[in-house]
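In this note's numbering, the protein residues as written are 11 to 686.
All C-beta atoms in this analysis are idealised placements derived from N, C-alpha and C, irrespective of residue type, glycine included.
Just so it is clear, the structure is predicted and the values come from calculations on it, not from any experiment.
Accompanying notes for the structure given below.
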Amino acid sequence: MMKKQLLILLLALPAGSLWAQKQKLPQTQPATDTSTFLEGGQLQETVVTGVAAPVKIQNALSQYRVITKDAMKAQGAATVADALSTQLNINLGNDAILGTNITMQGLGGDKVKVLIDGLPVNGRENGNIDLGQLSLQDVSRIEIVQGPMSVVYGSDALGGVINIITDKGSDKTKVSAGGLWESYGKYNADASADFHFNPHHNLQLGVGRNFSDAYGYADTAFPQRARTFKPKEQWLANLAYRFHPNEHFSATLASDFVHEIITARGSIIGYPYYATAVDEYYRTTRSNNRLQLEGKLGKGHWRLDNGYAFYRRVRESQIKDLVTLQEKADTSIGSQDTSRFDDITLRSNYASSIGKLRYDGGYDLLFQRARSGKFGDSVHAADDYALYGNAAMDFFKQKLTAQLGLRYAYNTAFSAPLIYSFNLLYHANERLQIRASAAKGFRAPSLKEQYLDFVDQNHNIIGNPNLKPEHGYNMQASATWSYGAQKPLHGALTATAYYNDVRNVISLANPDHDPASINRIYGNIARQRNAIGSLQAEGKWNSLYALVGASLTHVLAADSGYNAFNTLEATATLRYHYRPAKILLSVFYKYTGESRQLSAFADGTALYDVTLPAYSMMDASLSRRFWKGHIEVIAGLKNLFNVQQLSPTGTVSSVHSSGGGVLLPRRMFASLRLDW
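In structure tokens, the structure reads:
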């Protein structure tokens, strides 16, 4: 039966449409290309995530959001977490030790696939990739797709995809250096070089250091020792070599590296009779490596993506005598640990057409290996073998595009269902595009969720090898209307509706139903559903650019456990170019309405029993270029409203809950960049 299904899939090879859209785009735009009328806007952007070849946003079948390099710099962003902080339907939290956690469309970070140039990043802590460990040093843009992308990217893409796109080199040799300072104690510096030997060879090298000592923001009892914000140091490096012998072939070999050290100094014990403290050091190493080949074959286009992701995290606890300054290893349970994760990804894609039918598809192989003291020092493995594809065709004189996608996978640990997606794009006229989609997502339990055995004085977390995989269903509908092309005031308005239904949601469950208990076990929640409506508008009038949006999330009631509730969000970005002084003013704002945190229990029920208050965040900056554009200076303020503490109400029942979280207060930042 399996062989028959594979044969049918290979013969049909339903495959992705957008390569062919590049070859033959619907003629819905006038002769003068209105896709570029928004300077700094979205409509002129070209996206590459989940498609066989680059395609303009207005011709893409899914809803995309693009964060440009200029926007990241104006925001004073140093990491991917910084860049995402004001995005609609994305909320970030932070744990002093585990790092950044994310929710997208109300779904947890374990359901969001994080990619670098289309290849997955590994090393999740509490289900999340720490986006604060992913530097923007060599990043040119970030593409966001909200909703299942499981057909193309498999497990973990049930809730959406964040694709970090790196710089692709220059047509001339150049050198760059810069630094970022924040008044709470952040000091970043980096340098890079781009060597353009000839039209066929390009080499990029980069190094950097990010350092934060969180000076002045300490616990009140012993401010000289324990701190709410832990000192953090990151060493960064990246390398990319590109070979383009001709227009039919190109090869890229690239690597990104980060080594992070978090120092968690303990409070003084025994004072005034003696003085000791338990200091913890967390050392994390990430390395994302990729070999990517592409070219033309016949009238089609092929691509091979091969990636190796390495993640290693060491926890070391030392008992320090604060009189003699001598240290000795802490021998208590869970105080020392080393975890290592190795992922190999092998992907292919071939795109072509047969008559009016456009298709692409290929294989997607993932090999995961993990070893940790939290696993009893044994090695665990999980492999996934998949075939995927998409097929698309135009109807009604190319006004309507329909695409069907399928993915068939074999997972060595779990039975994987046939995954599907169906997309429609209708160009009603030159100004209006209407999209609709239905998709199924799938997420297999991670190795940590199955085998974790983590015990220390604050945690007793047990994995569950009997977990069921998550199954998700998503429906979307959107309409984008552009207005005022080639007029002083022009822009676009987008309305979107989402529906998410996730079954067998995997979550840390409290077996004791006691908020004070440190016992947790991974379990399945029966169901989690929400509906989201959002409205986003952007426009440009002479030297003023604005992007504003609002979103309402309605969490549907569970069959047992919690009632329905709503959460409101709003965002705004304003950028004004004061031409006489050559100064660019940028303002970034986000309002997050009252929200709730999910708590799960071992019997499969769940409660949203913690409520976080509404709050607003705003950043602002001024930027100017000097010396024919070779020097760029940016200065501004972060957290203008000085929001520092989100005090929850209800019962904080998660061992990883931040209790609402403590935010860095109002602070200044400045950056200097030299390019030559």
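Beta-carbon proximity check, residue i vs residue j, cutoff 8 angstroms
i, j, result
"residue 200", "residue 147", "yes"
"residue 8", "residue 122", "This structure cannot settle anything about residue 8, because the visible part of the chain is limited to 11 through 686."
"residue 374", "residue 399", "no"
"residue 344", "residue 149", "no"
"residue 526", "residue 611", "no"
"residue 395", "residue 415", "no"
"residue 537", "residue 513", "yes"
"residue 189", "residue 682", "yes"
"residue 498", "residue 551", "yes"
"residue 629", "residue 650", "yes"
"residue 433", "residue 71", "yes"
"residue 78", "residue 145", "no"
"residue 325", "residue 347", "yes"
Unbroken beta strand (DSSP E) run spanning residue i, endpoints
i, result
"residue 595", "593-602"
"residue 312", "310-331"
"residue 440", "First-last for residue 440: undefined, no H or E at that position."
"residue 405", "389-405"
"residue 480", "480-493"
"residue 636", "625-636"
"residue 586", "575-588"
"residue 193", "Careful: residue 193 lies outside any beta strand (DSSP E) and carries neither H nor E."
"residue 647", "641-648"
"residue 269", "259-274"
Simplified DSSP assignment, three categories, for residue i
i, result
"residue 55", "coil"
"residue 569", "coil"
"residue 35", "Bear in mind that a pLDDT of 33 at residue 35, under 50, signals an unreliable position, so the number given afterwards is only what the model happens to contain. In this structure, residue 35 counts as coil in the three-state DSSP scheme."
"residue 550", "strand"
"residue 48", "Reliability of the predicted coordinates at residue 48 is poor, the pLDDT of 40 falling under 50, and no value is obtained from them."
"residue 174", "strand"
"residue 81", "helix"
"residue 470", "strand"
"residue 253", "strand"
"residue 121", "helix"
"residue 343", "coil"
"residue 210", "coil"
"residue 67", "helix"
"residue 303", "strand"
"residue 675", "coil"
"residue 156", "strand"
"residue 413", "strand"
"residue 143", "helix"
"residue 497", "coil"
"residue 184", "strand"
"residue 385", "helix"
"residue 663", "The pLDDT assigned to residue 663 is 48, lower than 50, so where the model puts this residue is not dependable; a value taken from the coordinates is nonetheless given after this. DSSP places residue 663 in coil when its eight states are reduced to three."
"residue 367", "strand"
Spatial neighbours of residue i in its chain, beta-carbon cut-off 6 angstroms, leaving aside the 5 residues before and after
i, result
"residue 545", "505, 560"
"residue 381", "350, 389"
"residue 187", "201, 684"
"residue 359", "62, 313, 370, 372"
"residue 594", "587, 633"
"residue 38", "Here residue 38 scores only 31 on pLDDT, less than 50, and its place in the model should not be relied on; the value that follows carries that caveat. Once the five neighbours on either side are set aside, the close Cβ partners of residue 38 are 437, 440."
"residue 677", "192, 193, 194, 648"
"residue 212", "179, 206, 252"
"residue 196", "222"
"residue 357", "315, 374"
"residue 622", "605, 656, 658, 670"
Endpoints, the alpha helix (DSSP H) within which residue i is located
i, result
"residue 160", "160-163"
"residue 457", "457-461"
"residue 93", "90-94"
Expected contact under 8 angstroms - CB spacing of residue i and residue j to nearest Å
i, j, result
"residue 402", "residue 368", "5 angstroms"
"residue 443", "residue 342", "With 8 angstroms as the limit, residue 443 and residue 342 do not qualify as a contact, their Cβ atoms being about 60 angstroms apart."
"residue 222", "residue 267", "About 19 angstroms; that fails the 8 angstroms criterion."
"residue 153", "residue 76", "6 angstroms"
"residue 127", "residue 302", "7 angstroms"
"residue 290", "residue 327", "5 angstroms"
Chain-order list of residues whose beta-carbon lies under 7 angstroms from that of residue i (same chain, five-residue window excluded)
i, result
"residue 576", "562, 563, 564"
"residue 617", "571, 572, 609"
"residue 137", "118, 119, 120"
"residue 309", "362"
"residue 319", "130, 131, 132, 298, 353"
Own chain residues within Cβ distance below 8 angstroms of residue i, not counting five before or after
i, result
"residue 216", "147, 148, 200, 201, 202, 203, 246, 247, 248, 249"
"residue 460", "390, 423, 473, 474, 475, 477, 532"
"residue 333", "284, 285"
8 angstroms Cβ cutoff, residue i in contact with chain D
i, result
"residue 321", "As a matter of chain content, chain D is missing from the structure shown, which is built from one protein chain."
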